[in-house]
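J.: Residue numbers (the numbering used here): 37 to 361. Glycine included, C-beta positions come from ideal geometry on N, C-alpha and C.
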Amino acid sequence: LNPGLNWVYPLVSQVVKIDLRTQVLDVPRQDVITKDNSPVTVDAIIYIRVVDPEKAFFEVANYKLATVALAQTTLRSVIGDMELDEILYNREAINTKLRDILDEATDKWGVRVEAVEIREVEPAPTVKKAMEEQTAAERARRAAILRADGERRSKILVAEGEKTSRILQAEGQRQAYILEAEGKRLARILEAQGEAQALRLLAMGAATLDRKALSVRTLDTLVQLGSTPSTKIVLPFEISSLIHNIAGYVSKTKEIPSVKEMTLEELEKYVGKIDEALGKIPKPEELEAQIKQKGTTASEEEAKIKEEVKGLLSKVTKEKEHKEE
């Protein structure tokens, strides 16, 4: 019929309605053997549209049934030429191939195949179990590989950490030894410098004590020793010479040059070249600090002289008493 009014002759003509919309046809489940002899069950659907109602009515008795039957045979043919893994993981290629084959075959019926979709591919129970075992074995293999790789990386990291730790420890010990040796070296240097400064101070102190001072200190010590009535003093030398010397100093009849009156050459004659032997002479404030540190003050020097005189007098007294007995 054409658009608009049409004449339909009774008993001669018959009006048949054909749906020109897209129709969905369910293809029954098919048991198919794949190329690698694995039995599978395939379920599919197809989408068709009638584009020429005259051909769909006059060229085929039932275009829907014909399309479904053609889809079943084509599905077996396509699936039989493929392996199971390819069927499971490459359904898009199967859908495209089926659509092209069916669309070309149904074109003479005035039917266009718009799409073909594989809804389900189910392997046989035995094949499915074998696939599950294979998948489990593959997963176990990958897990073992990952575990072994993790252990290897862990051991490498532990070894690298121990290596770094040992290197750092050795470096620390080396630095400690170096610092300890440097400290000992500096301590020895400072100790030697201290001894040199002490010798310098002793030399300078001895140079400043001239004969006049020594005579006065000696007489003062003798007076202190003879202050008690029970003390007996035996002198091993002529006291007259000592008194004569002291009287000469007091009356200024005999003058002995002091250190202040000596020239540098005369001082070096008695003391020696201190700078050459002991190094640079320290400043007054340094000398004072060193004298306090070392305990070499003038009072200590007097005490030492007194102790020496006392010891000498005590020794002479004991020898005298021993001879008298």
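1. What first and last residue would you give for the alpha helix (DSSP H) that runs through A129?
2. With distance defined between alpha-carbon atoms, name the residue in T70, K133, G146 nearest to N98.
3. Should T132 be labelled buried (16 or more other beta-carbon atoms within 10 Å of its own) or exposed?
4. Do three or more CB pairs link the stretch 86-95 to the stretch 44-59 at distances below 8 Å?
5. Terminal residues of the continuous alpha helix (DSSP H) containing I115?
6. With distances taken between CB atoms, is the gap from R85 to R148 smaller than 8 Å?
7. Considering just the uninterrupted stretch of the alpha helix (DSSP H) at E4, what are its terminal residues?
8. Any idea what DSSP makes of I310, helix, strand or coil?
9. Per DSSP, which one or two residues make a beta bridge with A80?
10. Using the three-state DSSP reduction, which class does P161 fall into: helix, strand or coil?
11. Here's a check: name, in chain order, each residue in its chain whose Cβ is nearer than 6 Å to the Cβ of T77, leaving out the five neighbours to either side.
12. Out of Y125, S74, Q170, K100, point me to the one whose CA is closest to D62's CA.
13. So, for Q108: in the same chain, excluding its five sequence neighbours on each side, which residues have a beta-carbon less than 8 Å away from its beta-carbon?
14. Considering only the beta carbon of each residue, do S160 and L111 sit closer than 8 Å?
15. What does a CB cutoff of less than 8 Å around L138 pick up in its chain, not counting 5 residues either side in sequence?
16. CA-CA distance, F94 and K144?
17. Taking the C-alpha atoms as reference points, what is the distance between E168 and V52?
18. When the distance is taken between beta carbons, is T171 closer than 8 Å to I377?
19. Out of curiosity, what's the CA-to-CA distance linking L215 and I203?
20. Using three-state DSSP, classify R57 as helix, strand or coil.
21. Rounded to the nearest angstrom, what separates Y45 and N38 at their Cα positions?
22. Can you check whether the CB of R135 is closer than 8 Å to the CB of I154?
23. Can you tell me the Cα-Cα spacing of L182 and E174, whole angstroms?
T.: Result, derived from the coordinates:
1. The residue given as residue 129 occupies position 93 in the sequence shown. Counting along the chain, the alpha helix (DSSP H) containing A129 begins and ends at 127-141.
2. If you number the sequence shown from 1, residue 98 lands on position 62. Of T70, K133, G146, the residue nearest in Cα terms is G146.
3. Mapped onto the sequence shown, residue 132 falls at position 96. Flag for T132 reads exposed.
4. yes
5. By one-based count along the sequence shown, residue 115 stands at place 79. First-last of the alpha helix (DSSP H) with I115: 99-116.
6. By 1-based counting over the sequence shown, the position of residue 85 is 49. By 1-based counting over the sequence shown, the position of residue 148 is 112. In this structure, R148 lies closer than 8 Å to R85 by Cβ.
7. Outside the shown range of the chain (37 to 361) lies residue 4, about which nothing can therefore be said.
8. Translated into the one-based positions of the sequence shown, residue 310 becomes position 274. Any answer about I310 is weak, because its pLDDT of 45 lies below 50 and its placement is not dependable; what the coordinates show is given next. In this structure, I310 counts as helix in the three-state DSSP scheme.
9. Numbered from 1 along the sequence shown, position 44 holds the residue referred to as residue 80. V63, I154, per the DSSP bridge assignment.
10. One-based indexing of the sequence shown puts residue 161 at position 125. Correct three-state label for P161: helix.
11. Taking the first residue of the sequence shown as 1, we reach residue 77 at position 41. Only R65, D67, E158 meet the Cβ criterion.
12. In the sequence shown, counting from the first residue as 1, residue 62 sits at position 26. Selected option, being the one with the closest Cα: K100.
13. Position 72 of the sequence shown holds residue 108. Result list for Q108: V63, P64, Q66, in chain order.
14. Here the question's residue 160 lines up with position 124 in the sequence shown. Here the question's residue 111 lines up with position 75 in the sequence shown. Sequence check: residue 160 is Ala here, not Ser. Contact flag unset, no.
15. Locating residue 138 in the sequence shown gives position 102, where the first residue counts as 1. These residues qualify, in order along the chain: I82, T103, L106, A107, T110, V149, V152.
16. By one-based count along the sequence shown, residue 94 stands at place 58. By one-based count along the sequence shown, residue 144 stands at place 108. Taking the straight line from one Cα to the other gives about 11 Å.
17. As a first step, residue 168 is located in the sequence shown; it is residue number 132 there, counting from the start. As a first step, residue 52 is located in the sequence shown; it is residue number 16 there, counting from the start. Distance between the alpha carbons of E168 and V52: 53 Å.
18. Any question about residue 377 goes unanswered here, given that the chain covers just 37 to 361.
19. As a position in the sequence shown, residue 215 is number 179, starting the count at 1. As a position in the sequence shown, residue 203 is number 167, starting the count at 1. Each residue's Cα considered, the two are about 18 Å apart.
20. Translated into the one-based positions of the sequence shown, residue 57 becomes position 21. The answer is coil: DSSP assigns R57 none of H, G, I, E or B.
21. Within the sequence shown, the letter at position 9 stands for residue 45. Within the sequence shown, the letter at position 2 stands for residue 38. Roughly 15 Å separates the two Cα atoms.
22. As a first step, residue 154 is located in the sequence shown; it is residue number 118 there, counting from the start. As a first step, residue 135 is located in the sequence shown; it is residue number 99 there, counting from the start. It is not a contact, given that the beta carbons lie outside the stated cut-off.
23. Here residue 182 corresponds to residue number 146 of the sequence shown, with the count starting at 1. Here residue 174 corresponds to residue number 138 of the sequence shown, with the count starting at 1. One C-alpha to the other measures close to 12 Å.
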